[in-house]
Each structure stands twice: as structure tokens, then as C-alpha cells.
Amino acid sequence: MKRLATVLIFVWGAVLAFTGCSATKSANKICAVHQVPLQKKKVPIIYGMPMWSNYDRKMMEEAARSFPHSTVQAEGGCMVMKNAPKQVAVWQCTNCLQAKAEWVKQHPRPEKETF
């Protein structure tokens, strides 16, 4: 239960961070994991209520430790306003993106998801 609460706090923190125009205002420009410069990139904002599977939760936990700057899309919340932004700027780390791709390769998504 404590682990689930931690994951939910992480998820809602990410949602709050990405609901503004930019998630890059106060970010350190060096990846804390890989010690390389971060690159500012625009990613799509996805709206709607996400359903996180156990696989998604495991990936988010690993992302926090091993590839924190691997964001390729941002959650925009459940409600979509008429003029809601479609993209947001985030800091990405090339090494984080590679580490995430390797993690996904080593941990394929199960055919039958559990929630």
C-alpha cells in the first residue's frame, strides 16, 4: 500500500509538472543519473484519465531511478479545454532515452495486463 501511494504521488507530481506551458523553467540542465547535458524537446500532451497497469508502475519506479529524463509524452489531465496546449517542453537525456529503450527490451509488456 505504501508503494502504491509513492507511485501515485510520483504520477500526480508528473501531471502537475506538465500542466503548465513548460516543464523546463527550474530544471537542472545536467542529468543527475548520467551526468550529461539535457536537451530541451517538445513532446505531445495526452489528455484523459490514464489507467496504469502493474507494468506501467514498475516502469515508472525504474524511470525515477535509472532514466528520469526519458519523457516522450506528458499527461495533461482528465479535462480538455477548448484551447488546451498540445505540446509541452521537457528536458530529455539521450542516455535516459537509451536506458528506457533497453529496459523495455529486457522487460516486454505482458500480453495480458494486470491493474
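In full-length UniProt numbering, the protein residues as written are 1 to 115. Using N, Cα and C, we set each Cβ at its ideal position, and we do this for glycine too. All values derive from a computational prediction rather than experimental measurement.
Distance from the CA atom of Asp56 to the CA atom of Gln98, rounded to whole angstroms, is 18 Å. Between Val72 and the set His107, Val36, Gln35 and Trp91, the nearest pair of CA atoms involves Trp91. Contact between Cys78 and Met49 holds: CB atoms are separated by about 5 Å, below the 8 Å threshold.
Approximately 25 Å separates the beta-carbon atoms of Tyr47 and Ala101; this is outside 8 Å, ruling out the contact.
About 27 Å separates the beta carbon of Ile30 from that of Gly76, a gap too long to meet the 8 Å contact definition. A direct Cα-Cα distance of roughly 15 Å separates Gln35 from Ala64. Counting the other CB atoms within 10 Å of its CB gives Phe67 a total of 16 or more, which places it among the buried residues.
With fewer than 16 other CB atoms across the displayed protein chains lying within 10 angstroms of its CB, Val104 is exposed. Beta-bridge annotation (DSSP): Glu113 is not paired with any residue. Under the three-state reduction of DSSP output, Ala32 falls in the coil class, being neither helix nor strand.
For Asn83, no alpha helix (DSSP H) encloses it, and the DSSP letter there is neither H nor E.
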